[in-house]
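Structure, as structure tokens:
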Amino acid sequence: MSLSSILDEFKNTRLKKEEIDPNRKLKVGIIGTGWIADAHINSYKKQPDVEIVALADLIPGKADAFKAKWNLEGARTYMSGDELIDNEPGIDAVSVCTYNCQHAEPTIYALNHGVNVLLEKPMCVTLDEAVAICRAEKASGKVLSIGFQPRFDENMKMIKRIVESGTLGKIYYIQTGGGRRRGIPTPFGTSFIAKDTGGIGALGDIGCYSLDMVMNAIGYPKPITVSGYKSAYFGTNPKYMPCKEYAEAFGVDDFAAGFVRLEGGIVLDFRIAWAMHLDTPGDTIIMGTEGSLRIPSTDCWNGSVGGAMTIYHDLCGTQTQTTVPILHTGADLFDLKIRSFLDAVKKGTPAPVPSSQIIYNQAILDGICRSAELGHEIEIEIPEI
Ligand SMILES: NC(=O)c1ccc[n+]([C@@H]2O[C@H](COP(=O)([O-])OP(=O)(O)OC[C@H]3O[C@@H](n4cnc5c(N)ncnc54)[C@H](O)[C@@H]3O)[C@@H](O)[C@H]2O)c1
């Protein structure tokens, strides 16, 4: 039995007992009131069955300013995630919207106190942290969903449907990633680029999206080995940064690549860039024994597709290709992400984006970093949860 099915089975048994009265409003808090918290609150405010009861941020006055900006009169404000959890015994759920290095600690604290968690992507910084999060989740029996909103995009669902339909046959090779010619995120300070807050750079900010797109499509097979590379030639060079201080603060990767062997005889070739002297490091391609899929690359703000997709296959002995047009539904992916999490909490159903999958995403990010530091290929070992 796989790690993912054991965890899901365990959670299903536990969760069924904890269904919440559907007529009661859910009490929700937000930990970390920075940039992405705006997207969370915007979606929570559209949900009739949610009451925002608490906000927390380490920076003095930031949670209060957020409260005023979004007219959250009844919400209490705190200086940390732990303080919020300690003082809100009746709270049902929190969104953890802190920078990457502060994903694990508040998430584990909330789960240990019986609070459901919607955790922003990437899951965390290291595989060790991901394992600790999964263990806390398992012990709590609560819902933990990871904030990959592209999962709710119809084009992403189409990629998965194409793979699952068998049109491509057995998948044996995948190339994915993407990036930007210039796009190191600094508009809100240094929290994405400093080692002690971001922890990882392009890898965690946008690489995790590309990995989720293809790994989800093929059913999240376990990663076995990885040969990784990372560099920071742009972020550390003042010529490419808004100011000298940001170049000095830069402590993460702005480019990373990995060659990953997955269970089932699949090879995954990955590269991701926040900055480069190139338009794109390549489209995503999924190669199979009966057909291959090309997904035009994007600048990876949000993991979506960069244009119509193409399936290359043989028809009656002739090489041909089928265009898969872009699907536009107009749906707000953030609303869908928030709603799916709330529904799982209320109905006691499994998390829409479960940690049992995303731990493999994190294992690849972690493996690329460790392999790059060691300078050779490594085995990926994921301890029992
Ligand atoms: N899903 C998406 O589309 C998306 C988009 C942008 C960012 N993100 C993710 O959201 C996270 C936050 O990004 P951001 O741009 O909002 O960063 P940010 O730096 O603007 O905000 C993070 C806030 O968290 C606070 N904080 C840190 N640790 C805390 C703690 N323990 N308790 C309370 N507050 C704490 C910081 O003081 C800061 O104000 C990142 O992990 C990022 O990858 C996701």
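Just so we're on the same page, this note's numbering is the position in the sequence shown counted from 1, plus 1079.
For every residue, glycine included, the Cβ atom is placed at its ideal position computed from N, Cα and C.
Shown here, residue 1306 sits in a strand according to DSSP, grouped into three states. Selection 1314, 1388, 1347 evaluated against residue 1332 yields 1314 as nearest (Cα-Cα). Following the DSSP letters along the chain, one finds residue 1106 inside the beta strand (DSSP E) bounded by residues 1105 to 1110.
Distances from the CB of residue 1353 to the heavy atoms of ligand 1 are all 7 Å or more. Each of 1136, 1104, 1288 was checked against the Cα of residue 1175, and the nearest Cα belongs to 1136. Burial check for residue 1455: the Cβ neighbour count within 10 Å stays below 16, so the residue is exposed.
Distances taken from the Cβ of residue 1149 to the heavy atoms of ligand 1 include none shorter than 7 Å. Taken from the Cβ of residue 1338, every heavy atom of ligand 1 lies 7 Å or farther away. Across the set 1160, 1254, 1142, the C-alpha of 1254 shows the shortest separation from the C-alpha of residue 1359.
Residue 1319: not part of any beta strand (DSSP E); DSSP gives it neither H nor E. Excluding five sequence positions before and after residue 1462, the CB atoms of its chain that fall closer than 7 Å to its own CB belong to 1210, given in chain order.
Considering only 1316, 1257, 1183, 1110, the residue with the shortest C-alpha distance to residue 1364 is 1257. When only Cα atoms are considered, residue 1270 and residue 1290 end up about 23 Å apart. From the listed residues 1407, 1435, 1457, the smallest Cα separation to residue 1235 is found for 1407.
Looking only at 1322, 1328, 1305, 1203, the smallest Cα-Cα distance to residue 1335 is reached by 1305.
Runs of beta strand (DSSP E) with 3 or more residues, each lying fully within the stretch 1231 to 1296, are found at 1250 to 1258, listed in chain order. Residue environment for residue 1275: exposed (fewer than 16 other C-beta atoms within 10 angstroms of its C-beta). Partner residues in the beta bridge of residue 1390, as assigned by DSSP, are 1372, 1401. In the three-state DSSP reduction, residue 1116 falls in the helix class (H, G or I). CA-to-CA, the gap between residue 1214 and residue 1140 works out to about 34 Å. The criterion of a C-beta distance shorter than 8 Å is not satisfied by residue 1403 and residue 1099. Taking 7 Å as the cut-off, the C-beta of residue 1357 does not count as close to any heavy atom of ligand 1. Looking from the CA of residue 1122, the closest CA among 1419, 1171, 1183, 1353 belongs to 1419.
Following the DSSP letters along the chain, one finds residue 1338 in no alpha helix (DSSP H) but inside the beta strand (DSSP E) bounded by residues 1334 to 1341. A check of alpha carbon separations from residue 1347 across 1392, 1389, 1292, 1416 identifies 1292 as the nearest.
Out of 1377, 1278, 1417, 1221, the CA that lies nearest to the CA of residue 1361 is found in 1377. If you keep only unbroken alpha helix (DSSP H) runs of at least 4 residues inside the stretch 1133 to 1186, you get 1141 to 1148, 1160 to 1166. Taken from the Cβ of residue 1179, at least one heavy atom of ligand 1 lies inside 7 Å. Annotated three-state conformation of residue 1451 is helix, per DSSP. Beta-bridge analysis with DSSP links residue 1212 to no other residue. Distance from the CA of residue 1320 to the CA of residue 1272, rounded to the nearest whole angstrom, comes to 11 Å. In this structure the stretch 1340 to 1354 lies against the stretch 1275 to 1284, because at least three pairs of beta carbons, one per stretch, are closer than 8 Å.
CA-CA distance, residue 1163 to residue 1185, rounds to 10 Å. One thing to note: residue 1106 has its Cβ within 8 Å of the Cβ of residue 1171.
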